[in-house]
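Following: one structure in structure tokens, then a few remarks.
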Amino acid sequence: MIKIKDLEKYYATEDVKTIALNKLSFEVKEGEFVAVMGPSGCGKSTLLNILGLLDDPDGGSFLFNGTEVAGYNERKRANLRKHNLGFVFQSFNLIDELTVFENVELPLIYTGVKPAERKQRVEEVLEKMGIMHRRKHFPQQLSGGQQQRVAVARAVVNHPKLILADEPTGNLDSSNGNDVMDLLTELNSAGTTIIMVTHSEHDAKYSHRIIRMLDGQKVTENILSEFTH
Ligand code: ADP
Ligand code: ADP
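At position 28 of the sequence shown the residue is numbered 22 (my numbering), and the sequence of numbers has no breaks.
Set out below in structure tokens:
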């Protein structure tokens, strides 16, 4: 599903040039759950931004489902993004002015789903995440664990092929963190590919494989469980 080869990304600020990704290469198969680890500054956020089609690499190749997307402009990236990707962030990134229902409904509005079908699909996913009873509440009225469930619901309501998670348990206590990891594992078992950036060795153990980065490069890979297609 994902094949990156010699990916490069630079940031130039005043006269300093930072190499954020330095010829990074790896593949992720459809249905896999991969964790990406590494110290702060090693390029994980930069990588997620590129994999999430939010940013364009400066060099190398990025095949998404067999199509070269390196060099795509923002319009083409946005189009691919809204139909194929779901994002889960450390800080939940919910919209405070919208209810739980409205937050989860947003991706369906962006992709032009009709209101009746929107209602059905939002309720189905809220039910699955165990937060149906909170659908009329606003994010600030919920616990961190509940907010992350809403964020996961929003990420999956469009049935994306790939979920990108950035420290999804970073703001949660261990019990809520484990619940979120269980939700991600369930989604992966149902066929969704997941790439997760994490600092937590505990959370990384939920994945099939850990990619470890340093200075914009891959240093090692640990296979935790055999992934069979
Ligand atoms: P993490 O906690 O995941 O390691 P960082 O703190 O490295 O994340 O980065 C958070 C965000 O800040 C990222 O989206 C990244 O693009 C941006 N960022 C990181 N370093 C810099 C920098 N030196 N200048 C500007 N933006 C940066
Ligand atoms: P990580 O997420 O692993 O902490 P990042 O991808 O945020 O790493 O950053 C990789 C490198 O690129 C770091 O040296 C960081 O300071 C730099 N960087 C990231 N974003 C920016 C930016 N917007 N401007 C300048 N430097 C950046």
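Heads up, the beta-carbon is just placed ideally off N, CA and C, and yes, glycines get one too.
Judged by DSSP in its simplified three-state form, methionine 190 adopts strand.
In this structure histidine 202 is buried. Its beta-carbon is surrounded by 16 or more other beta-carbon atoms within 10 angstroms. When DSSP assignments are scanned along the segment 18 to 46, the uninterrupted stretches of alpha helix (DSSP H) that are 4 or more residues long and fall wholly within it turn out to be 38 to 45. Of the residues Phe132, Ser39, Asn43, the one whose Cα lies closest to the Cα of glutamate 68 is Asn43.
Taking 8 Å as the upper bound for CB-CB distance, alanine 149 and isoleucine 157 are in contact here, some 6 Å apart.
Sorting Ala64, Met190, Gln142 by C-alpha distance to the C-alpha of glycine 124 places Gln142 at the top. Residue environment for aspartate 173: buried (at least 16 other C-beta atoms within 10 angstroms of its C-beta).
Non-local beta-carbon contacts of valine 151 in its own chain, meaning distances under 7 Å to residues more than five positions away in sequence, involve Val98, Pro101, Leu102, Arg115, Val116, Val119 in chain order. The beta carbon of methionine 175 sits closer than 8 Å to those of Pro162, Thr163, Asp197, Tyr200, all from its chain and outside the five residues before and after it, given in chain order. Cβ contact annotation for glutamate 62 (same chain, cutoff 8 Å, sequence separation greater than five): Ser55, Phe56, in chain order.
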